[in-house]
Amino acid sequence: MNLDRRLLLLVKQYPLPFIASVVLGALGGALLIGQAALLSSVISAVFLENVELVHIVGLLGLFGIVSICRTVINWASQSEANRGTLKIKKLLHQQLLHKISDLGPPYTESIGSGQLSTKLLKGVEALDPYFSQYIPQIALSILVPLFIVFAVFPADMLTALILLVTAPLIPVFMVLIGKAAQIATEKQWQTLSRMSGNFLDVLQGLTTLKLFGRSKERVRSISEISESFRHSTMKVLKVAFLSSLALELVSTISTAIIAVEIGLRLLTGSIAFKPAFFILLLTPDFYLPLRQLGTKFHAGMEGTSAAKDIFNVLEKKGFQKTSVATPSSLPAISKEPIIFEKVFFSYTGDSSYTLKNVSCRIAPDGVTAVTGPSGAGKTTFINILLRFIDPQKGNITLGTTDLQKIGRNEWQKMISWVPQHPYIFNTSLRENLLLANKDASEQELMQAIEYSCLGPFISSLPKGLDTPVGEQGAGISGGEAQRLSFARAFLKNAPILILDEPTSHTDPGLERQLLASMNQLVEGKTTILIAHRLSTVENADKILVFDKGSIIQSGTHSSLLQEEGFYKSALLVFEEDSTS
Amino acid sequence: MKELLRLLGIIRTYHWWMILAATLGFATIGSGIGLLMSSAYIIAKAALQPPFHELQLGIAGVRLFGLARGVLRYIERLVSHSTTFKILSGLRVWFYESLEPLAPARLLQYKSGDLLQRITKDIDSLENLYSRVIAPPLTAIMISALLWFLLGSFSPMFSITLLCFHAFAAVGIPLFTGHINRGTATKIAGIQAELQSTTIDFVQGLSDLMLFNRLDDHMEKLYRLKTDELKLQRKQALIQRLHEPLIGLLMNSAVLALLWTLTPQVSNGTIDGIYTAVIIIAVMASFEAFLPLPDATHHLETSAAAGKRLFEIVDTKPAVPSPLHQEPFPANCSIKFENISFTYPQTFSPALSSLSLQIEAGEKVAIIGPSGAGKSTITGLLLGFWKPSQGNIFIGNRSIRNLDAETIRKNIGIVSQKTYLFSTSIRENLLLAKPDADDKELKNSLTYAGLSSFTTKLDQWVGQHGMKLSGGERQRMAIARMLLEDAPIIVLDEATANLDTVTEKSVIQSILGLCNKQPAKTLLVITHRLRNMAQFDKIVVLEKGCIVEQGAHHELLKKNGLYASMWSLQHRQTPSELLTDS
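Protein sequence lines correspond, in order, to chains A and B. Just so you know, we're using the working numbering here: the first sequence kicks off at 81 and counts up by one. Just so you know, we're using the working numbering here: the second sequence kicks off at 71 and counts up by one.
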């Protein structure tokens with residue numbers, strides 16, 4: 081039946097519009113019965129009594145008034161459902177945003193940004209038909225047929241009995257249709273999304289196909305795949321549509337039976353024309369709401385599948401603990417070391433730890449380099465430092481202050497971060513830089529640009545600093561993005577600096593300039609540096625070597641060269657390489 | 071409207087299917103009308119208490135139409151679904167055929183992944199083109215015509231009266247609501263675009279927003295945009311929700327109007343009273359065909375908008391025209407760039423200016439230089455993705471203008487920094503390079519590329535975009551593909567940048583080994599990391615689109631120019647010196 085309990089709870093949050101919608105819809109049903117009564121009186125008078133037009137003007141006028149009322153009421157009913165739906169959409173959107181910001185960057189990076197923004201944008205919208213059409217229709221498909229049976233009962237018991245006998249068939253068919261429609265919509269949806277996924281894959285790989293000189297022959301495979309998807313889907317649909325065929329037949333055959341049954345009794349004179357015609361007018365409307373429910377089932381299906389996605393996010397547990405912030409006790413950061421004591425972290429929440437028993441001391445005023453093979457836990461370590469996640473076990477202190485005692489916002493204000501793939505916002509370059517410090521003066525801005533070697537790039541742009549970047553704007557390369565991020569760090573000028581492989585995209589000439597300005601930036605700050613390259617590691621005051629979630633070596637460049645281990649062997653490869 | 075006509079032109083191959091489906095739709099609604107008419111006929115006739123056999127015509131009618139309606143509806147649904155799938159497939163083939171000559175040059179100006187996703191979504195949205203845009207008006211016209219003849223057999227007056235109401239339902243209401251909502255849809259689209267980019271900023275820039283303490287501002291902006299969108303949606307819905315009730319109102323008005331004209335004719339005996347009920351019920355039932363029409367205008371707009379976006383892309387001119395007369399691919403694979411200049415569209419400074427370069431067959435050449443020097447442009451031009459603005463490129467003394475682009479690409483094995491793997495099996499991805507390769511060849515090339523572990527799982531799915539493999543594995547897959555293609559020219563464009571030092575070294579060794587096998591292959595390596603440089607016959611140093619130096623490694627070191635300074639920068643402290651300290 082697609083009545084997801086969590087979705088119904090949302091209806092409970094804003095019950096009034098939905099109740100109003102159903103009440104109005106039911107009232108519309110009652111007016112429908114009134115219309116049928118008026119119409120049968122008019123036609124009976126015209127047909128059997130051969131009355132003049134003037135005698136039925138009153139009835140016709142009444143019919144017109146009821147029609148107008150019904151139009152307004154039906155409209156009001158739908159518009160109320162829409163009002164409730166919009167409230168729910170707004171609520172869900174807010175809840176999702178909050179949840180995503182609570183889950184933080186490790187979550188958004190793990191799930192793929194495209195998918196997540198689709199959920200935020202399309203997922204919430206996909207719920208619209210569920211609330212605005214499907215939910216009210218369920219109530220009406222029970223209420224309106226009931227009304228009609230009550231109206232038919234005094235007019236003709238036999239017909240009311242026929243309706244009542246076919247009525248139990250309806251829930252049976254609803255279940256049947258429900259199941260079949262579910263299979264049909266699922267299959268159809270699957271086919272459509274597989275066809276479109278396949279097509280997207282081919283489009284994205286078009287350059288590759290061209291490189292192998294195979295792009296032209298792909299046309300055939302596109303149509304072949306589409307054809308085979310179509311065949312398999314049609315097979316399923318042939319069966320799935322059978323149940324709605326059955327429902328359709330119940331409705332048409334009942335109408336036929338009632339027509340014949342009444343006709344025969346009219347012959348014997350045991351029923352009059354007026355009630356007979358009244359019943360005939362109402363019979364199709366008895367089955368109509370149910371048939372409509374069948375067509376709206378699609379909306380219901382889409383709603384539940386969208387809901388599944390949305391609640392998957394909403395019910396996720398974050399990795400952040402609530403911190404007991406006491407802002408007054410904030411120590412002077414640059415004087416205090418950051419100390420990790422037996423820190424454990426697991427993304428799955430069980431004992432498969434990404435970080436295991438990590439203890440270290442990050443000295444103030446110096447550069448601590450973090451290195452190790454990929455997957456060693458470097459990123460997790462940084463995520464903990466950035467407080468995007470909190471460890472499950474162990475302690476982190478700033479001097480003697482527990483990190484949990486410092487508000488997350490307060491802590492993050494003290495950090496500048498230069499990630500490996502910085503994000504450039506869809507605004508102008510200037511705004512992208514001012515993000516770091518909205519009160520920065522023009523002079524500070526220029527200085528940051530100079531330090532991060534962005535000058536030539538910016539002057540090559542048509543509108544300089546005010547050039548819009550992002551979608552249609554100037555294409556920003558990875559190296560340029562990293563330099564922008566560097567400039568942001570200069571502007572923010574926070575006491576703790578975290579750099580992730582800071583010069584990985586640039587060419588050698590630029591690297592030298594950047595290293596020089598980096599030395600300037602590092603001055604007087606607690607600096608943590610993730611690095612793979614020798615040139616960036618060797619000058620660090622302390623090097624932490626990570627492997628499989630633990631720190632396996634630590635020391636300075638020269639002390640690490642004394643011992644056998646990852647560091648030395650990685651270096652040997654480099655050496656062999658550059659002298660060849 | 072222009073877009074719609076063009077779309078119709080593309081899918082016109084399926085016009086028989088569409089007509090069939092629409093006719094079935096007409097027959098379905100027609101049977102519904104027939105069922106109610108014959109029911110009304112039975113009741114009206116029986117009210118006059120004739121002998122039983124006079125009812126038999128009506129009884130046969132209800133029996134026939136009652137069954138027909140259900141069965142026809144079933145067939146109609148199947149045919150129209152099948153037609154929709156056919157149309158979608160036709161649209162995809164059409165679009166692919168139009169896009170193929172444009173890639174990759176003309177697609178670079180769009181952010182690739184994003185654009186392609188939008189295209190697929192646009193094509194998907196054309197799913198509604200047949201069932202919601204084309205079919206409903208066709209069916210409605212046929213039903214209206216049916217009623218015209220049915221009522222016309224009583225009095226032309228009735229036909230004209232009903233036609234007015236039908237026309238109002240089909241044209242008047244959609245025009246009216248469409249007019250009121252005209253601006254709203256555009257405004258909603260505008261807000262949605264802003265909402266989309268702000269949401270992407272939120273999701274992708276979350277860490278920056280947190281660290282710069284801007285998260286609250288940004289979320290506030292998102293709430294505001296969403297609220298604005300919902301407000302406009304409300305306005306739109308209030309009008310859209312009028313459709314159904316209004317068509318109901320029109321139906322009742324038609325009933326009133328017909329009763330008005332019919333009653334005098336019944337009372338003066340022109341028309342048999344039996345038909346009062348029959349006509350009125352037929353009029354009511356005919357409006358079923360008009361219910362989907364207002365929605366059709368809405369879908370018409372979305373389809374036209376999707377079509378417009380697709381046509382905009384398709385109508386771009388390809389960057390490289392196909393050759394007028396084709397020459398066969400030369401046996402000698404030397405490469406010559408003669409005075410080549412090239413500027414990318416929408417940029418100001420040239421990527422290459424007056425570049426001349428000669429590479430002999432079998433030679434191993436490295437092209438180096440800082441980023442933005444024009445290294446990759448050389449590959450793009452050689453592969454015929456772009457047309458040089460000036461100068462000529464020769465392969466074995468034949469200008470590539472006179473060579474078929476597909477043949478050129480089949481003869482150049484290339485591995486670039488970004489490797490695209492299709493979401494199929496390892497085998498399928500390899501077969502791309504050589505469709506008739508047997509398993510032994512596949513396994514050999516995998517082993518050669520350092521992926522011997524893959525030889526036992528050829529049929530394993532590589533994941534979406536090959537994401538089940540690591541970056542290094544994907545890169546080595548590309549190398550295996552290149553080996554399998556066995557082309558006489560090999561281009562490595564930053565091919566090993568994503569590999570760790572140890573793997574990089576072994577991969578380079580195996581490629582060099584391959585190139586030295588007779589007949590020797592022409593090798594072109596583009597890199598900014600100066601490693602293993604002594605192995606190249608020639609090193610070409612590019613800066614700002616010009617060649618500043620060329621020669622062998624040791625010659626260039628002696629020159630003490632840009633190459634020497636880049637070398638010393640990357641090797642400024644040789645680890646051997648460091649290690650000897652310990």
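In this text, a Cβ means the ideal position worked out from N, Cα and C, and glycines have one as well.
Judged by DSSP secondary structure, B/Ser446 falls within the alpha helix (DSSP H) whose first and last residues are Lys445 to Leu452.
When CB distances to chain A are screened at a threshold of 8 Å, the residues of the region 289–314 of chain B falling below it are Met289, Leu292, Tyr293, Lys296, Thr297, Leu300, Gln303, Arg304, Ala307, Leu308, Arg311, Leu312 and Glu314, in chain order.
Under the Cβ distance rule, A/Ser306 counts among the residues neighbouring chain B, one pair being separated by less than 9 Å. Distances from the alpha-carbon of B/Gly248 to those of B/Arg311, B/Glu299, B/Val163 and B/Asn586 put B/Arg311 closest. Residues of chain B whose Cβ lies closer than 9 Å to the Cβ of A/Ser350 do not exist; the shortest such Cβ separation is about 11 Å.
Bounds of the beta strand (DSSP E) holding B/Cys616 are Cys616 to Gly621. DSSP assignment within the region 224–293 of chain B yields the following whole alpha helix (DSSP H) runs of 4 residues or more, N-terminal first: 226–237, 243–274 and 276–281.
Contact with chain B is absent for A/Pro417, since none of that chain's Cβ atoms lies less than 9 Å from the residue's Cβ.
For A/Ile218 and A/Ser159, the gap between their C-alpha atoms comes out near 17 Å. Residue nearest to A/Val131 within the set B/Asp385, B/Thr346 and B/Asn409 is B/Thr346 (criterion: CA-CA distance). In this structure, B/Asn462 sits away from B/Asn402, with a CB-CB distance that is not shorter than 9 Å. In the structure shown, A/Asn517 falls within a coil segment according to DSSP collapsed to helix, strand and coil.
Put simply, the backbone Cα of A/Gly108 is about 12 Å away from that of A/Ile228. For the set B/Ile484, B/Val577, B/Gly520 and B/Thr573, the Cα lying nearest the Cα of B/Glu555 is the one of B/Ile484.
Under the three-state reduction of DSSP, B/Leu562 is assigned to strand. Counting C-beta atoms within 10 angstroms of its own C-beta, B/Trp456 has 16 or more neighbours from the protein chains shown and is therefore classed as buried. Taking A/Leu118 as the centre and dropping the five residues before and after it, the same chain places the C-beta of Leu139, Leu142, Phe143 and Val146 closer than 7 Å to its C-beta, in chain order. One finds Ser181, Gly184, Pro185, Leu466, Arg467, Phe468, Arg488, Asn489 and Gln492 in chain A with Cβ atoms closer than 9 Å to the Cβ of B/Met280, taken in chain order.
Bounds of the beta strand (DSSP E) holding A/Ser496 are Ile495 to Val498.
For a cut-off of 8 Å, the C-beta gap from A/Phe98 to A/Ile215 is around 7 Å, short enough to register as a contact. When the Cα atoms are used, A/Glu522 and B/Met552 turn out to be separated by approximately 51 Å.
Scanning B/Met321, B/Pro415 and B/Glu382 for the CA closest to the CA of B/Leu361 turns up B/Met321. Under a 10 Å Cβ-count criterion, A/Val340 is classified as buried, with 16 or more other Cβ atoms of the shown protein chains found around its own Cβ.
In this structure, DSSP gives B/Arg162 a helical state, which the three-state scheme calls helix. Listed along the chain, the chain A residues whose CB falls inside 7 Å of the CB of B/Gly140 are Leu325, Glu328, Leu329 and Thr332.
Here the C-alpha atom of B/Asn586 lies approximately 43 Å from the C-alpha atom of B/Thr386. The continuous beta strand (DSSP E) containing A/Arg441 extends over residues Leu435 to Ile442. Contact between the region 224–235 of chain B and the region 273–284 of chain B is absent: fewer than three C-beta pairs spanning the two stretches fall below 8 Å. Take the alpha-carbon of A/His637 and the one of B/Ala503: they are about 46 Å apart.
Take the alpha-carbon of A/Asp208 and the one of A/Lys169: they are about 7 Å apart. Taken in chain order, the members of the region 566–577 of chain A whose beta-carbon sits within less than 9 Å of a beta-carbon on chain B are Arg568, Lys572 and Ala574. With contacts defined by Cβ atoms closer than 9 Å, A/Lys518 and A/Lys473 do not form a contacting pair. Interface criterion not met: the Cβ of A/Ser539 is under 9 Å from no Cβ in chain B.
Along the region 596–643 of chain A, the beta strand (DSSP E) occurs as fully enclosed runs of 3 or more residues at 606–610, 622–627 and 630–635, listed in sequence order.
Judged by their CB atoms, B/Ile448 and B/Leu422 are nearer to each other than the 9 Å cut-off. Of all residues in the region 287–304 of chain A, those with a C-beta nearer than 8 Å to a C-beta of chain B are Thr287, Thr288, Leu289, Lys290, Leu291, Phe292, Gly293, Arg294, Ser295, Lys296, Arg298, Val299, Ile302 and Ser303, reading in chain order.
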